[in-house]
Each structure stands twice: as C-alpha cells, then as structure tokens.
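Visitor: Note that the sequence shown covers residues 1077 to 1776 in our numbering.
One structure follows; several queries about it will come next.
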Amino acid sequence: MKKLFAKIVSLIMAAVLSTAVLSGCSLIVTDAEKDMALVVATVALDENLEENIIKRDMVSAYTSNAYYYQYYGTSNEDAYNEIMTSLTQNLIVVQQSMKALVGATGEPGNEKGYFEQASNVDESERTSKEHVLAGWGNNKNKNFKDIDLTGYKNKTIYEKLDTLKQYLTEYEYAYARYNALLTIDTFINEFKDEEEAKTYSYESFAITNRTTLTVASDLDGDEYQLKNDSEISKMTDSYKKSIEQVSRTYNLGVTIEDSDTKYDAALKVYTALADKFDLKSPDRKKSLTKVISQLKKLGYITADEAKTSTPTSADEIFKANSFFASVLKTEYESLIVSKYKMALVNQQERYANNEENIGNLYAEYKTLFESQKIDFDKSSANYEAKLESASENSYIAYHPNKGSNYGYVANLLIGFNKEQQALVDAFESNVKFTDDDRIEYRNEMLKNITVKDLRQTWVLSNLGEYDETAGKFTFGNDYVKTDALKVYGGKINGATPYTYLDGEEEKTAYTYKGITEVEMSFDSFISGIFKDVLGVEASTEEIRTIPGVTVTNGAIDDATMDKFRDLIYAYSTDGGSLTENYGYLYSPMGTSFVKEFEDTQKALIEEGVGSIKICVTKYGYHIMLCTKIITPVTEALAESEFVSQIDVEGTMPYEFKQYKVKNITTTTVNDIVNSFIAKNSKNENVVKKFENTYKDLIEA
C-alpha cells in the first residue's frame, strides 16, 4: 500500500539495523545488552501511550545515516541531537494518529474518532478513503470500538503488536508483514554462505540508455480504489511483471488470473510470502542463527531470547525475537500514520467540496486573476516561466494578449550522427562560406541521414516479451500505446533462453548477446512507419494536418498525442523531446531556438492544433507538430458563468476548483501536523529526555 504520509513516515527509524551494524560495526564498548536497553527519552502524548526511546534506537539511526553525517562533517553532538528530535517527533505523530483514529483529541474535526466518523457515513455515500477508514475489506477489524489503549504503555512489544494490528485492514496487515519479512530477509542474506552461481559470459556492447515513458505508479490510489476503481484497479503489464518477479524470487507459486485487480494480486503475494517464508532450508537456518547471535552480541536482544530455538516460520520469528518484532511494529506504525493522514486529507477534501465553501472559490479566482494580470503584464518572462512550469499544482487564470498566440510544438528530431554533426558544425562555423554554401552542404549531408529504433535498453530491461520463433521483441502496453510501434525495429543477437520455476510451472526467459540497430532512409521512414502511424506523410514543403485530430481546450486529443509521443520515444535523437508534456513552448515575443525552428513553430501555431511540418536545421530533420495553443484570456469570467461551469469537467472553473481543493488540502494537512508537533515537541510533560544516558555517544 502506498505510504501516503511520506514526510512523517520517513522519520521512522526505530530499531532497524543497517548492514554495517550486523557485520559487527559496534559502537558499544560496555555491557551491550544493558547499555543498549537504557532509556534515553520518553514520549507520552497520552498517559496510556507513553513510549520509551532506548539507546539502541539512537545507535541504529546513527549507523543508518553514518555516511551522510561523515560526508557533511556533522559532529556527534549535532547528529545525535538531530536523531533525538526525529525520534521524539515521530513518536508524537504515531501517538497522535493512534488517538485520533479511535477517539476524540480536541483537534478541529476530531470530536469523534476518524474510524467512527467514517462508519457513520452511509455506505453508499462514503468516499473511497472512508471505505478504508471504516474497515472495508477486513471483517475481523471492523469493530474499531474494541481497540483499547488503556495500559498500552505497560504492554510487552508482542502485546503492542496485537493492539496495533487492530487498526489495520486485512490488506494492510499483510502488507506490513510482507515489508518486515523483506527486511529480515536482507539480514539473513547478509550472513548466508556464498554459493557458486551459474554464470554466463557474453560479449559486451556499448549502448546509450533510453528514457522511457513514466509508467503511472501501480500503487496510486487507496486500498478501496486498488480493488474497485475501474482505472486504478486495472492490472498493468509492469505490475503483473513485478508480482511475478517477487513470486519467482521467493518461490511463492503465485498465479495472476485475468480477472485479478491490483489489490487481488498484491494480497496474494503479501500473504504467500508470510506463508512460505523460508527459514527451514539448512543454509538459511544457519544464516538466521548467525543473525540472532550477532543481535545478542550487540545488545539488540536478550541472552534469553538468543537461547530460544531458531524460528522456523514467519509467525514464530515475530513472536520469539523482540528485534524482529520491533521491525514489524515500525511497519504497523507507518501504516497507522498513513491512515491518519488519509483521514485528514478526506476531511479537508469534504470541506473544500462543500457547496457553502465553493461559493468562496469565485472570490479566490478573481484575486488570482488580478494578481497574475499585474505580474504578467509587467513581464512576459514571468508569464513564460509560468507556462514552462505548468502542472496540476499550478494554475494560470490570466493569459495576456501579445498580438499572436503562445503555444506548444512537439519535436521529433531525426538528427545527424556524431560524425556527421561534427562535419556540419565545422562547415557552419567556417567564416569563408556563405549562407548559400552552408545550406548546400547541409542538404548534401541530409541525404546520408538515417533513422533507427533507439529503444535497445528497453529490450535489455525486459519491458515486454521476446518471441524466439519470430526473433522479435514486443514492448508492453505501459511503455508503447501504438500497436504499429510495439515491436522493436532492431536485430537481436544471441538470445539465450533460460528456465525458471514459477511455482510448479516452468517458464522461459532470455538474455541477449547484443543488439544491432537496423537503419532506414529518412524518406522510407516518412512514407512508411510515420505515415502508417499518423495517417499523413509529413513534408518539408508545406504544412499538413493530421487527419482525425480533435481539439479540447486548445489541446490535441490524447490518442494523437500518444501516437506522436510513441514516435518520439522510439526515434527522436533530441533528448529534450523525451518528455510527457506538449513539447517546446513557442513565444510570440521570441525564442532561443535557431531561426528555422522558430519560424516553423510560428507557422504551425498560426495554422492550428494538429498541423505538422518538417523543418531542416543544422541538427537534421525536425518533424514538428502543433499540440496546444494558448488563447488570450484578458477578462475574468462573470460570477454566474463561473458558478454554472464549476462542475463541468474540462472547463476553466472546474480545473480551478480541482487545483484549489488539492492546494487547500495539502496546505491545511501540513499545518495541522506541524501544529501538533510544534505544540508537543518542547512540552516537558510530553517529551522527557535523559541526556546522561546517551552522553557517551556524543563524546565518542
């Protein structure tokens, strides 16, 4: 599950050892067990939740960040003060989360616990976040009222685990154990005897890494959406591949069905790892014994714990070893904090979407419009900087009239190779030659330009499937949306199959000896692949229009944009064109591009969205497509017009509302968190520090 509270969760450093510590890099020279158990601070946001920070927590955090401290020359005193601040603030957030989810805290909007608030909303009217908060998907833990924090501070770590897991859904519980087991697996592998590995020797070949499209995170969305949202829940190639890879690595035998959502697939893997976590094979059992011995030596577990029989299952490893239990406790706490953040975000989204509050949006829109009018009229550079950085986190209400339109043009460059470019540059810079000479030379060089599929590293990264019979590699849907461009256009050399077991099923994968790029002439490319994909043969002589283009809010339709972007990612030699925006910004006030490029931009903007033309510069052939035009907006909408469009998707008022809801939510949630951290961090009734117990660390 996505950790929604990254800023706060990142502070959780309690009781996770680094490889350096496990390898014996001990900073403790006294009786390790007693020394590491010394209490260095307590945090008690509530008398029932008092939690100790012990010395080993500080040592673990220091060791995990030792490189950072050494690199910046941080003194021991500053480092340990920073660690103490992080650990105490983290516990404040954890305890606030525990309290707020199950009961009233006195904070605005927390007159009842967030679990209860979500449960009181009619199921048909719940947001996806409220479904999760109400215990969706986990019948065992729906009765949140059974979570009793009385006496929590006096419980053993194992008893605390039983309390904490009541906050979690079935999915979260499985995810927490999965993450904790992966951490433990790292420790085990560190001590595992090296085994002779089967290796293959291949010729080396040099290639340049090729940027890929950013695949949307497979964990975007909350737990409810991962199973129920028609788009978010949909299985993707990359997600399926990652699940299958985990299954192979740990021999889990997980099979993904066609009907499985991301939720289903993830839960299968999380559950299977806990069920089949290997602690019985001789090499892993031996390694775990070494880990436990080292933990005892460093004082991370007691001598009695070290004497306990070596665990043989995931359940046993969390019940018999306080260090491993603390790893799981940290995972539980991370998810509880994430769930608290979810509740805060949901609360603010509901508030911002309330009809009474939407009435304030028009006033805010007018304020933004007027401030941007002053800013952009004063300086075109200010306006262009805003256009260059436009994103979902920014909003432009005012667009000045500069006589002609701003817009965006995407660029597919079929450039000269390095040797050709060097010759062109040398000729262009020679003062003996006239402009006519330069054009004539460039035209001669253009006759030798070739086009080739540049996605070799996508093949090596296995972003698709190799067909041994056809000798072809087909890219996955996540990386290439256009069917005509899914098969790699180069030649694959020396594909060597190897087999692996996926559960009981034997499967085949490949390694490759090398890849040969297959070249074609520019004319062949334009009249062949390019025309097949876009339905038009671009020309240097005239502007043409891609057939079937539709325009919404001044921008090209997604289907056409996807096709052109796929062509760019496969063939463009311009690294700057490998982006997922609309292309390069054109300004009627002038640009820094070479004259031929800028002139073509201007002509395409004047022609309209969907217009395309080939431009020739000293860099090669530029196939340029107008993707978006910014028309002037110099008068603010009337309030009646603004309000009537507020819920009409694609309109300016709708987009403004989405921008404000997100902005207000993020700002307000951060303010809430920072407020209770600031209020409690220096409250001696909440945070008590015992500096004498860690004085030796500072002076070491």
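All residues carry an ideal CB built from backbone N, CA and C; glycine is no exception.
Could you give the first and the last residue of the continuous alpha helix (DSSP H) run that contains H1207?
Guide: Start at 1 with the first residue of the sequence shown, and residue 1207 comes out as number 131. Note, H1207: alpha helix (DSSP H), 1204-1209.
Visitor: Can you give me the C-alpha to C-alpha distance between A1776 and A1113, rounded to a whole angstrom?
Guide: Counted from its first residue, the sequence shown places residue 1776 at position 700. Counted from its first residue, the sequence shown places residue 1113 at position 37. Roughly 18 Å between the two C-alpha positions.
Visitor: Among T1727, T1406, F1400, T1245, which residue has its Cα nearest to the Cα of F1263?
Guide: For the purposes of this step, residue 1263 is taken as the residue at position 187 of the sequence shown. If we check each option's Cα against that of F1263, F1400 comes out closest.
Visitor: Using the C-alpha atoms, what's the distance from P1708 back to T1626?
Guide: Position 550 of the sequence shown holds residue 1626. Position 632 of the sequence shown holds residue 1708. Near 20 Å, if we compare the C-alpha coordinates of P1708 and T1626.
Visitor: Between the alpha carbons of L1098 and W1534, how many angstroms are there, rounded?
Guide: Position 22 of the sequence shown, counted from the first residue, corresponds to residue 1098. Position 458 of the sequence shown, counted from the first residue, corresponds to residue 1534. Interpretation of L1098 is limited by its pLDDT of 40, a score under 50 that renders its predicted location unreliable; no figure is taken from the coordinates.
Visitor: When DSSP labels each residue in this structure, what does Y1564 get in the three-state scheme?
Guide: Mapped onto the sequence shown, residue 1564 falls at position 488. In the structure shown, Y1564 sits in coil (DSSP, three-state: anything other than H, G, I, E or B).
Visitor: Check T1232 in the structure and name its three-state DSSP category.
Guide: To locate residue 1232, count along the sequence shown from 1; it is residue 156. Here T1232 sits in coil by DSSP.
Visitor: Looking at the structure shown, is V1709 part of a helix, part of a strand, or coil, going by DSSP?
Guide: Stepping through the sequence shown from its first residue, residue 1709 is reached at position 633. Three-state result, V1709: strand.
Visitor: Determine the closest residue to G1844 out of I1490, K1454, Y1482, with distance taken between C-alpha atoms.
Guide: This structure gives no information on residue 1844, because the portion of the chain shown stretches from 1077 to 1776.
Visitor: Report the residue ranges of all beta strand (DSSP E) runs contained in full by the segment 1609-1691; include only those spanning at least 3 residues, in chain order.
Guide: 1660-1662
Visitor: Let me confirm a value: S1465 is counted as buried when at least 16 other C-beta atoms fall within 10 Å, else exposed. Which label applies?
Guide: Position 389 of the sequence shown, counting from 1, holds the residue named residue 1465. S1465 comes out exposed.
Visitor: Using only CA atoms, which one of D1608, Q1497, Y1145 lies nearest to A1560?
Guide: Translated into positions along the sequence shown, residue 1560 becomes position 484. Closest option to A1560, Cα to Cα, is D1608.
Visitor: Exposed or buried, T1232, counting other C-beta atoms within 10 Å across all chains shown (16 or more means buried)?
Guide: On the sequence shown, residue 1232 is found 156 positions in, with the first residue counted as 1. It counts as exposed.
Visitor: Candidates Y1339, A1250, Q1301: which alpha carbon is nearest A1390's?
Guide: Counting from 1 along the sequence shown, the entry for residue 1390 is found at position 314. Residue A1250 is the option with its Cα nearest to A1390.
Visitor: Between the segment 1321-1329 and the segment 1341-1348, are three or more C-beta pairs nearer than 8 Å?
Guide: yes
Visitor: In the DSSP assignment, the beta strand (DSSP E) including I1490 goes from what residue to what residue?
Guide: Counting from one through the sequence shown, the residue named residue 1490 turns up at place 414. Looking at the DSSP string, the run of the beta strand (DSSP E) that includes I1490 is 1482-1491.
Visitor: Here's the rule I'm using: 16 or more other beta-carbon atoms within 10 Å means buried, otherwise exposed. How should G1570 be labelled?
Guide: If you number the sequence shown from 1, residue 1570 lands on position 494. Exposed: under 16 other Cβ atoms inside 10 Å.
Visitor: Can you give me the C-alpha to C-alpha distance between S1505 and F1673, rounded to a whole angstrom?
Guide: Translated into positions along the sequence shown, residue 1505 becomes position 429. Translated into positions along the sequence shown, residue 1673 becomes position 597. S1505 and F1673 have their C-alpha atoms some 19 Å from each other.
Visitor: Taking the alpha-carbon of N1768 as reference, which of K1110, E1109, A1117 has the nearest alpha-carbon?
Guide: For the purposes of this step, residue 1768 is taken as the residue at position 692 of the sequence shown. Closest option to N1768, Cα to Cα, is A1117.
Visitor: Quick check on K1765: does DSSP put it in helix, strand or coil?
Guide: Position 689 of the sequence shown, counting from 1, holds the residue named residue 1765. Strand, per DSSP.
Visitor: Going along the chain, which residues of its own chain have a beta-carbon closer than 7 Å to the beta-carbon of S1603, five neighbours each way excluded?
Guide: Working through the sequence shown from its first residue, we reach residue 1603 at position 527. Answer for S1603: E1613, listed in chain order.
Visitor: For D1298, which residues of its own chain have a beta-carbon under 7 Å away from its beta-carbon, when the five flanking residues on both sides are left out?
Guide: Within the sequence shown, residue 1298 is the residue found at index 222, counting from 1. Taken in chain order, the residues that qualify are S1204, K1205, V1208, M1418.
Visitor: Among T1288, Y1555, E1715, which residue has its Cα nearest to the Cα of L1437?
Guide: Walking along the sequence shown from the start, residue 1437 turns up at place 361. Per the Cα distances, E1715.
Visitor: Using the Cα positions of T1592 and K1442, report the straight-line distance between them to the nearest angstrom.
Guide: Counting from 1 along the sequence shown, the entry for residue 1592 is found at position 516. Counting from 1 along the sequence shown, the entry for residue 1442 is found at position 366. T1592 and K1442: Cα-Cα distance of roughly 58 Å.
Visitor: If we call anything under 8 Å between Cβ atoms a contact, is I1412 one with T1386?
Guide: Numbered from 1 along the sequence shown, position 336 holds the residue referred to as residue 1412. Numbered from 1 along the sequence shown, position 310 holds the residue referred to as residue 1386. Cβ atoms of I1412 and T1386: not closer than 8 Å.
Visitor: For L1420, which residues from the same chain have a beta carbon less than 7 Å from its beta carbon, with the 5 sequence-adjacent residues on both sides left out?
Guide: Here residue 1420 is taken as the residue at index 344 of the sequence shown, counted from 1. Contacts found: V1745, I1748.
Visitor: Identify every residue that forms a DSSP beta bridge with Y1408.
Guide: For the purposes of this step, residue 1408 is identified with residue 332 of the sequence shown, where counting begins at 1. According to DSSP, Y1408 bridges with nothing at all.
Visitor: Under the assumption that S1597 contacts T1526 (Cβ atoms under 8 Å), give the Cβ distance between them as a whole number of angstroms.
Guide: Within the sequence shown, numbered from 1, the residue matching residue 1597 stands at position 521. Within the sequence shown, numbered from 1, the residue matching residue 1526 stands at position 450. The Cβ separation is near 6 Å, so the contact holds.
Visitor: Cβ of G1570 less than 8 Å from any chain B Cβ?
Guide: Absent from the structure is chain B; it holds one protein chain and no more.
Visitor: Indicate the three-state DSSP secondary structure (helix, strand or coil) for E1109 in the structure shown.
Guide: The residue labelled residue 1109 in the question sits at position 33 within the sequence shown. Here E1109 sits in helix by DSSP.
Visitor: If you run the structure through DSSP and keep just helix, strand and coil, what is N1756?
Guide: Taking the sequence shown and counting its residues from 1, one reaches residue 1756 at position 680. Correct three-state label for N1756: helix.
Visitor: Do the segment 1655-1667 and the segment 1500-1518 touch if we need at least three Cβ pairs shorter than 8 Å?
Guide: no
Visitor: Among S1195, K1736, M1700, V1170, which has the Cα closest to the Cα of R1620?
Guide: Within the sequence shown, numbered from 1, the residue matching residue 1620 stands at position 544. Ranked by Cα distance from R1620, the first of S1195, K1736, M1700, V1170 is M1700.
Visitor: On a CA-only basis, which of E1266, K1131, Y1427 is nearest K1771? Give me that one, please.
Guide: Locating residue 1771 in the sequence shown gives position 695, counting from the first residue. Among E1266, K1131, Y1427, the Cα nearest to that of K1771 is on K1131.
Visitor: Using the C-alpha atoms, what's the distance from A1210 back to Y1190?
Guide: Looking up residue 1190 in the sequence shown gives position 114. Looking up residue 1210 in the sequence shown gives position 134. Cα to Cα, Y1190 sits roughly 9 Å from A1210.
Visitor: Mind checking A1096: buried by the 16 CB within 10 Å criterion, or exposed?
Guide: Here residue 1096 is taken as the residue at index 20 of the sequence shown, counted from 1. Bear in mind that the predicted position of A1096 carries a pLDDT of just 34, short of 50, making it unreliable; the figure below should be weighed with that in mind. Classification for A1096: exposed.
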